[in-house]
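Colleague: One structure, as structure tokens, below. Some questions next.
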Amino acid sequence: MTNIEKYIQSFTAAFDIEAEQCEGLEYQGIETWDSVGHMGLIAELEDVFDIMMDTDDIIDFSSFEKGKEILGKYDVEF
Amino acid sequence: MFKNKNIMITGTNRGIGRTMLEAFAREGANIWAHARKETSEFTENLKHVSEINAVEIMPIFFDMTNSLEMKQAVKEISDSKKTIDVLVNNAGIAHGGLFQMTSLEKMRDVFDVNYFSVLELTQLISRLMVRQKKGSIINIASISGLDLKAGNCAYGTSKAALIAATKVLSYELAPQGIRVNAIAPGLTDTNMTVLMEKKAGDAMVRETALNRLGLPEEIAQTAIFLASDKASFITGQTLRVDGGM
Ligand SMILES: NC(=O)c1ccc[n+]([C@@H]2O[C@H](COP(=O)([O-])OP(=O)(O)OC[C@H]3O[C@@H](n4cnc5c(N)ncnc54)[C@H](OP(=O)(O)O)[C@@H]3O)[C@@H](O)[C@H]2O)c1
Numbered sequence: 001m002t003n004i005e006k007y008i009q010s011f012t013a014a015f016d017i018e019a020e021q022c023e024g025l026e027y028q029g030i031e032t033w034d035s036v037g038h039m040g041l042i043a044e045l046e047d048v049f050d051i052m053m054d055t056d057d058i059i060d061f062s063s064f065e066k067g068k069e070i071l072g073k074y075d076v077e078f
Numbered sequence: 079m080f081k082n083k084n085i086m087i088t089g090t091n092r093g094i095g096r097t098m099l100e101a102f103a104r105e106g107a108n109i110w111a112h113a114r115k116e117t118s119e120f121t122e123n124l125k126h127v128s129e130i131n132a133v134e135i136m137p138i139f140f141d142m143t144n145s146l147e148m149k150q151a152v153k154e155i156s157d158s159k160k161t162i163d164v165l166v167n168n169a170g171i172a173h174g175g176l177f178q179m180t181s182l183e184k185m186r187d188v189f190d191v192n193y194f195s196v197l198e199l200t201q202l203i204s205r206l207m208v209r210q211k212k213g214s215i216i217n218i219a220s221i222s223g224l225d226l227k228a229g230n231c232a233y234g235t236s237k238a239a240l241i242a243a244t245k246v247l248s249y250e251l252a253p254q255g256i257r258v259n260a261i262a263p264g265l266t267d268t269n270m271t272v273l274m275e276k277k278a279g280d281a282m283v284r285e286t287a288l289n290r291l292g293l294p295e296e297i298a299q300t301a302i303f304l305a306s307d308k309a310s311f312i313t314g315q316t317l318r319v320d321g322g323m
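Protein chains in written order, with the working numbering: chain A, 1 to 78; chain B, 79 to 323.
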């Protein structure tokens, strides 16, 4: 599985959505991406990419696009 | 009771933490045993406890106030791919002194160990628990955080803050299947008590209905209960284990 596939799968699993819905998605843009859902997403991403994110990055993770940029800090390349 | 469960306890080299390590091991738990630093006595005790109970005990070392070391240790736990079912935040420091005679630096030191570092570790470990949507966190607070009196401007308030955080986290982590509780021990027979002024210690004991010090084992058994499924409907609570006050 490529990194982008893993990334999308983390979103679909955390928010119970289809892959097509991920592009352009923003924090609190859908009902399931609330603060509780956010922690679920972070848990998925940390597990899938085997990383431990800093709290500041968890706070900054405000959209599907921004998340890719943040994961770059942890050597996850898309 | 805890077969195939993995439990992390901080401050397991002595006192209540060491007794909890032994008690959880007797219940079949595998344990991430934290200490500030490695010593031969600590290593030997872990080996002994592991052998007699046929459980896995994995040492981890960091100073509670060293963020970097703490993160490395949690990464090690995460990399092991083992679940982490229970976290017992036990490590702590005591301090007694009147407000006018306690420096701000001292207050910060006490809060760093008893409050901020506990929150930091809980933040990291609860993120691992979120993956499995289950977990139990137990904060070792103190009756000094409930019955705030003169001399408690640093230690008592740090434990009061921990008790308040226990309540907040219980709400925030409940949707993830994680329970968060605290234990408020009364005066318990460890080195911490030995360092206390004798007059103050004796007075505290006299105030208890049972008229004695608590035993570390009595605190450990309460932690076992709170960590177990027997306490599955208990969260956000602070349980006094104080001999009746
Ligand atoms: N004993 C009582 O009467 C009593 C009453 C109420 C609440 N409590 C609470 O119960 C808990 C355990 O107390 P205890 O009586 O077992 O005390 P203790 O015998 O003094 O043990 C304290 C433990 O915390 C560790 N610790 C302290 N600061 C640390 C740091 N910066 N980094 C890493 N480890 C650190 C110590 O490690 P080192 O050996 O390296 O210092 C030790 O393992 C504490 O949170 C305490 O506030 C105790």
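Here a beta-carbon is modelled for each residue, glycine too, at the ideal position from N, C-alpha and C.
So that I know if they touch, is there some Cβ in chain A lying closer than 9 Å to that of lysine 149(B)?
Modeller: For the purposes of this step, residue 149(B) is identified with residue 71 of the second sequence, where counting begins at 1. True, the Cβ-Cβ gap to chain A drops below 9 Å.
Colleague: Quick one: which residues of the stretch 240 to 253 of chain B get their C-beta closer than 7 Å to a C-beta of chain A? List them in chain order.
Modeller: Residues of the stretch 240 to 253 of chain B whose Cβ lies closer than 7 Å to any Cβ of chain A, in chain order: Pro253.
Colleague: Just list the beta strand (DSSP E) runs in the stretch 135 to 217 of chain B, keeping only unbroken ones of 3 residues or longer that don't cross its boundaries, in chain order.
Modeller: 135 to 139 and 164 to 167
Colleague: Cβ-heavy atom distance between aspartate 267(B) and ligand 1 below 8 Å?
Modeller: What you label residue 267(B) is simply residue 189 of the second sequence in a count that begins at 1. Indeed, a heavy atom of ligand 1 lies less than 8 Å from the Cβ.
Colleague: Cβ of valine 325(B) within 8 Å of any heavy atom in ligand 1?
Modeller: This structure cannot settle anything about residue 325(B), because the visible part of chain B is limited to 79 through 323.
Colleague: For chain C, is any of its Cβ atoms less than 9 Å away from the one on arginine 205(B)?
Modeller: You won't find chain C in this structure, because its protein chains are A and B.
Colleague: Report the residue from Leu99(B), Lys115(B), Asn84(B) and Lys159(B) whose alpha carbon sits nearest the alpha carbon of lysine 148(B).
Modeller: Numbered from 1 along the second sequence, position 70 holds the residue referred to as residue 148(B). The sequence shown places methionine at residue 148(B), rather than the lysine named in the question. Ranking Leu99(B), Lys115(B), Asn84(B) and Lys159(B) by Cα distance to methionine 148(B) puts Lys115(B) first.
Colleague: Taking valine 319(B) and glycine 264(B) to be in contact with their CB atoms under 8 Å, please state how far apart those CB atoms are, rounded to whole angstroms.
Modeller: The residue you call residue 319(B) lines up with position 241 of the second sequence. The residue you call residue 264(B) lines up with position 186 of the second sequence. Yes, they are in contact, since the Cβ atoms of valine 319(B) and glycine 264(B) sit about 7 Å apart, within 8 Å.
Colleague: If you scan the stretch 35 to 59 of chain A from start to end, which runs of the beta strand (DSSP E) of 3 or more residues do you find wholly inside it?
Modeller: none
Colleague: Would you check whether ligand 1 has a heavy atom nearer than 8 Å to the C-beta of proline 263(B)?
Modeller: For the purposes of this step, residue 263(B) is taken as residue 185 along the second sequence, with counting starting at 1. Correct: proline 263(B) has its Cβ closer than 8 Å to ligand 1.
Colleague: Give the DSSP-derived three-state secondary structure of alanine 111(B) in the structure shown.
Modeller: By one-based count along the second sequence, residue 111(B) stands at place 33. Strand at alanine 111(B).
Colleague: Using a threshold of 8 Å, is the CB atom of isoleucine 221(B) nearer than that to any non-hydrogen atom of ligand 2?
Modeller: This structure lacks ligand 2; its bound ligands are ligand 1.
Colleague: Counting only beta-carbon atoms, is leucine 146(B) nearer than 9 Å to chain A?
Modeller: Start at 1 with the first residue of the second sequence, and residue 146(B) comes out as number 68. Answer no: the Cβ-Cβ gap between leucine 146(B) and chain A never drops below 9 Å.
Colleague: Taking any Cβ of chain B, which residues in the stretch 26 to 54 of chain A have a Cβ under 7 Å from it, in chain order?
Modeller: Val36, Met39, Gly40, Ile42, Ala43, Glu46, Asp47 and Met52
Colleague: Taking its Cβ as the centre, do 16 or more other Cβ atoms sit within 10 Å of tyrosine 249(B), making it buried, or is it exposed?
Modeller: On the second sequence, residue 249(B) is found 171 positions in, with the first residue counted as 1. It is exposed - the Cβ of tyrosine 249(B) has fewer than 16 other Cβ atoms within 10 Å.
Colleague: What residues in its chain sit with their C-beta under 7 Å from that of phenylalanine 80(B), if we drop five residues either side in the sequence?
Modeller: Counting from 1 along the second sequence, the entry for residue 80(B) is found at position 2. Excluding sequence neighbours, phenylalanine 80(B) sits near Phe102, Glu105, Gly106 and Ala107.
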